[in-house]
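So the sequences go chain by chain: F and Y. Going by the working numbering, the first sequence opens with residue 302, and the numbers climb by one from there. Going by the working numbering, the second sequence opens with residue 302, and the numbers climb by one from there. Backbone N, C-alpha and C define an ideal beta-carbon position, used for all residues, glycine too. Since the structure comes first, as C-alpha cells, the remarks are kept for the end.
Number of protein chains: 2
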Amino acid sequence: MQWKVLGLVAVALSISGATAMADESNLRIAIHGGAGTILRENLTPELEQAYRAKLEEALRAGYTVLTSGGTAVEAVQEAIVTMEDSPLFNAGKGAVFTHHKTNEMDASIMEGATLNAGAAAGVSTVRNPIRLAAAVMTQSSHVMLSGKGAEQFAASVGLQIVDPAYFWTERRWQQLLEVQKNDPQASVLSEHESDRAAVVPGGTRWPDDNKFGTVGAVALDKHGNLAAGTSTGGMTNKKYGRIGDSPVIGAGTYADNSAGAISATGHGEFFIRAAVAHDICARTLYRGVSLQKAADEVIMDKLVKMGGEGGIVGLDPAGNVVFSFNSTGMYRGFIDSTGKAHTAIFR
Amino acid sequence: MQWKVLGLVAVALSISGATAMADESNLRIAIHGGAGTILRENLTPELEQAYRAKLEEALRAGYTVLTSGGTAVEAVQEAIVTMEDSPLFNAGKGAVFTHHKTNEMDASIMEGATLNAGAAAGVSTVRNPIRLAAAVMTQSSHVMLSGKGAEQFAASVGLQIVDPAYFWTERRWQQLLEVQKNDPQASVLSEHESDRAAVVPGGTRWPDDNKFGTVGAVALDKHGNLAAGTSTGGMTNKKYGRIGDSPVIGAGTYADNSAGAISATGHGEFFIRAAVAHDICARTLYRGVSLQKAADEVIMDKLVKMGGEGGIVGLDPAGNVVFSFNSTGMYRGFIDSTGKAHTAIFR
C-alpha cells in the first residue's frame, strides 16, 4: 500500500530553481481525504479529477510551508485547511450533518518533537477546526476542549467564527435526509444504508464518504520534526454528542519523532478501541518494525479482525511515506523527495 | 511501588467459608482514589481513616461482584460507584467545580477480552458517570459521547438522572472560591495555588486532590478477563469544555487481556500526550517486560521528564497488582489472593 518513495535524490534544485534550499529532498508531506467504499463506478471522471486536484492543492499548500522553512505543524495545518475549505471532504465546509441537522466537527494535531498536542470536539461555528486544535496546543494549558467552551476559546484567540449555516451543503443535506428517511433512529450507518445514501436525489452520484470522509496530514520539516493532524465532520446522522477517533490523541492522531506521525480515517469507534495511531507508533518503537509494517499489522490484520474499516497515512522519521487501508478506497497523496505530487483514490 | 501480592494460596475457603468458590484466589480488584500532593500533615487521623474505610468499602463492593461470579466490568463499576457516591473523591458526588460553577464529569470503561469500551465527557446530571460509560459500551454503537447528548442517552437507557445541585458540596465550593479569588482567569492550578486551595476556610484542612482526585478500578474475574474504569470531576476551575484523560481510551483507561488493565489519575493533559494507559500495555505486549516495569517506565521516567504528575493502578493477566505514582501520595488499595483488603495513601 506504499508508493515507492524516491530516495534522497538531490534533484530539488533542478525543479525549484535557484531559491530551493539544499535539504528540500528531506521535506515530506502526505495526506488523506477519507477512506470508505469508494468505487470507480461511483465516481465520475469529472469528480475524480476534482478530488485529485484538491488533494494536490492541499499537498502544495503544506509543502510550500515546508520549503519556506516552516514547521511540520504549520504544514499540516495548511494542508488540512485546504481540504476543510472544500465541500468535497467531510471536514470543515463539507462536514456531514448530525441527527439534529447541525454540523459538529472534531479535530486534533500533534507535534512529534515535544509530544505537544491539541484537540477540539463538537464545534459548530469554527471555520477551520484544525486551527482550533493547533491553538489549543499552543495557546492553552489544555489538550482537549469541547462544545460551546471550545468555541468560546476559539473566539478568544481570534480564530474565524462563522454562522453555522456556512457548513450547509446540498450534498450533505440530501445524505442526511436519505439516511433519516430510511432509518430515523440510526446514528450509525450500516453498509447497506450508506450505499443508499451514496446516490443523491437529482442523479448526482457521490462516493461513500459520509461515514469515513475525515481528512488528515502528516509532515516532516527541515528540522527533522514530524507532525500529524486530523479533521472531521464525523458520521452522518450521529447523535448524543458522539465523539469519534479524530480528536482523540492516540486514536486518530499521534506523532512522536522517535517513531512516526499517523493520521487515521475510518470507523472511529474501532480506531479508539484499538488506539490505532499510538499502537502503530508503539509497534515501531518497541519492536523495531518499519512504520509500514506496523501500520499494516494494525489496519490490515488487527482492525480487520475487529471489524473496523478505514486506514491511515503516516510518515517515519526518515521521511518514508506510509499508506495502509482496508477499505476499497482512500483519497490520498504525498509529495516525494523531488517535489513531485502523487495522488490516488482507489486501491 | 507494588505491594507484595500473595501467591495463589488456596486459603480463600478458610476466610469465606463454605460458600466460597474454589477459584477465589484468582480473583483480583485494585483501585485508586486519585493522586496528588497528599501529605500526612494535611490529613487528620480522622480523615485518613475515612478515606481508608471508603477505599475498603469500594474494594469490597467490587470483590463481592467477583466472588458472586460477576464480570470484571461489573466489579469495576461497583467499586467506582462506591467512590462516586462518596463526597471524599473528585468524582460523582464529590466532583470539583468548573470555572462556571458547574460540575462536569467524565468517565470511561474498557473490557480486556473484547477491547470494547465506553466513555462519557462533560456530563452534569448523571449520578454515576461510570454507569453511563458502561451503558455507552454495551447499549450504543458508539464509544464516546459528550455533553447534553450524553445526558440524553443516559436518560434513554434509564440511568439515574439527578438535579445538578446533587453535586454541590461545601468543600468543593470553597475550593473553587479560593482558586478564583486568587486567579479568576486560572483554569489550571499551579502547585502554589493548589496548596492554598487545600486549606478550606473554617479550618478544615483537606489534602490536595482538587487537581488529581480521579477514581479508578481494575479487576480480574473468574473467566480470566480484565477490565479497567476511571471516573472524574476533572480540574477545579476548568473551563472551555476541557476534557482530561479520564474519558480518553488509551490515556486514562485501557484494558487488553493480552497485556493488562490500567486506570490512571493525574495531570490529564500529560497523560493524553503520553497515551499513558495504552503505552504501558504496549510496552508489556511488544517488549515482554512486566506490567509493573512498563508502568514505572512511563510514570516514573517518561512522565517525570515531561513534567506530568500522577499515577496508575494496574492488573496483569496473572492477577499481579501494579501501582506506580510520581506524586507524594495516591489513595489506593487492592484485595489479595486470600481475600484480604489492603489500603494506603502515602508513598
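query                                                                                                                                                                         : result
Quick check on Thr585(Y): buried or exposed, where buried means 16 or more other Cβ atoms within 10 Å of its Cβ?                                                              : buried
When you compare the CB positions of Ala583(Y) and Tyr587(F), do they come within less than 8 Å of one another, or not?                                                       : yes
Name the chain F residues that come within less than 7 Å of Ile454(Y), Cβ to Cβ?                                                                                              : Note that residue 454(Y) is Phe in the sequence shown here, rather than Ile. Under the 7 Å cutoff, chain F gives Tyr541.
Report all residues from its chain with a CB closer than 8 Å to the CB of Thr439(Y); omit the five preceding and five following residues, and keep chain order.               : Asn417, Gly419
Near Ile563(Y), which residues of its chain fall below 6 Å by C-beta distance, leaving aside the five closest residues on each side in sequence?                              : Ala529, Tyr555, Ala578, Ile581, Ile613, Gly615
Ignore the nearest five residues each way along the sequence and tell me which others in Trp474(F)'s own chain have a CB closer than 8 Å to its CB.                           : Phe398
What in chain Y is Cβ-close to Asn417(F), meaning under 8 Å?                                                                                                                  : Arg574
Considering only C-alpha positions, which residue in the set Ala331(Y), Gly423(Y), Gly450(Y) is nearest to Ile544(Y)?                                                         : Gly423(Y)
Determine the chain C residues that contact Val458(Y) at a beta-carbon separation under 8 Å, and present them in chain order.                                                 : This model lacks chain C altogether; the protein chains it does include are F and Y.
Between which two residues does the beta strand (DSSP E) harbouring Gly561(F) extend?                                                                                         : 561-567
Can you check which of these residues, Lys482(F), Arg361(F), Leu348(F), is closest to Asp637(F) by C-alpha distance?                                                          : Arg361(F)
What do you get for Gln461(F), buried or exposed, if any count of 16 or more other CB atoms within 10 angstroms of its CB means buried?                                       : exposed
Spell out the partners DSSP gives Gly417(Y) in its beta bridges.                                                                                                              : In the sequence as displayed, the identity of residue 417(Y) is Asn instead of Gly. DSSP lists Glu412(Y) as partners of Asn417(Y).
Give the straight-line distance between the Cα atoms of Arg633(F) and Gln476(Y), rounded to the nearest whole angstrom.                                                       : 50 Å
Quick check on the DSSP output: the beta strand (DSSP E) that includes His643(F) runs from which residue to which?                                                            : 642-647
So with CB distances below 8 Å, who are the chain Y contacts of Asp580(F)?                                                                                                    : His579, Ala583
So is Arg428(Y) buried or exposed if we call it buried at 16+ other beta carbons inside 10 Å?                                                                                 : buried
Please state whether DSSP places Val377(Y) in a helix, a strand or coil.                                                                                                      : helix
Does any C-beta atom of chain Y lie closer than 8 Å to the C-beta of Leu592(F)?                                                                                               : no
Tell me the DSSP secondary structure of Val437(F) in three-state form.                                                                                                        : helix
Counting only beta-carbon atoms, is His443(Y) nearer than 8 Å to chain F?                                                                                                     : yes
List the whole-angstrom C-beta distance separating Tyr541(F) from Leu433(Y), where the pair is believed to meet the contact cut-off of C-beta under 8 Å.                      : With 8 Å as the limit, Tyr541(F) and Leu433(Y) do not qualify as a contact, their Cβ atoms being about 11 Å apart.
Could you tell me if Thr533(Y) is buried or exposed, where buried requires 16 or more neighbouring beta carbons within 10 angstroms of its beta carbon?                       : buried
With DSSP as the reference, label Arg543(F) as helix, strand or coil.                                                                                                         : coil
Enumerated in chain order, which unbroken segments of the beta strand (DSSP E) with a length of 3 residues or greater are wholly contained in the stretch 544-630 of chain Y? : 554-557, 561-567, 611-616, 622-626
Would you say Arg341(F) faces chain Y, with C-beta separation under 8 Å as the test?                                                                                          : no
Ser442(F) by DSSP, collapsed to three states: which one?                                                                                                                      : coil
List the residues that DSSP assigns as beta-bridge partners of Leu521(F).                                                                                                     : Arg329(F), Leu527(F)
Can you pull the chain Y residues whose beta carbon is under 7 Å from the beta carbon of Tyr587(F), in chain order?                                                           : Ala583, Arg584, Tyr587, Arg588
Nearest by alpha-carbon distance to Val593(F): which of Ile573(F), Arg341(F), Ala619(F) is it?                                                                                : Reading off the sequence, residue 593(F) comes out as Gln, not Val. Ranking Ile573(F), Arg341(F), Ala619(F) by Cα distance to Gln593(F) puts Ala619(F) first.
DSSP beta-bridge partners for Asp407(F)?                                                                                                                                      : Thr533(F)
Given that Lys449(F) touches chain Y, what residues does it touch there, using C-beta distances under 7 Å?                                                                    : Gly542
What first and last residue would you give for the alpha helix (DSSP H) that runs through Pro346(Y)?                                                                          : 346-368
So with Cβ pairs under 8 Å, would you call Glu494(F) a contact of chain Y?                                                                                                    : Residue confidence for Glu494(F) is low, a pLDDT of 35 falling below 50, so the modelled location carries little weight and cannot support an answer.
So, is the C-beta of Ser488(Y) closer than 8 Å to a C-beta in chain F?                                                                                                        : With a pLDDT of only 45 at Ser488(Y), under the threshold of 50, the placement of this residue in the model should not be trusted; the figure read from the coordinates follows. Closer than 8 Å to some Cβ of chain F, the Cβ of Ser488(Y) qualifies, so yes.
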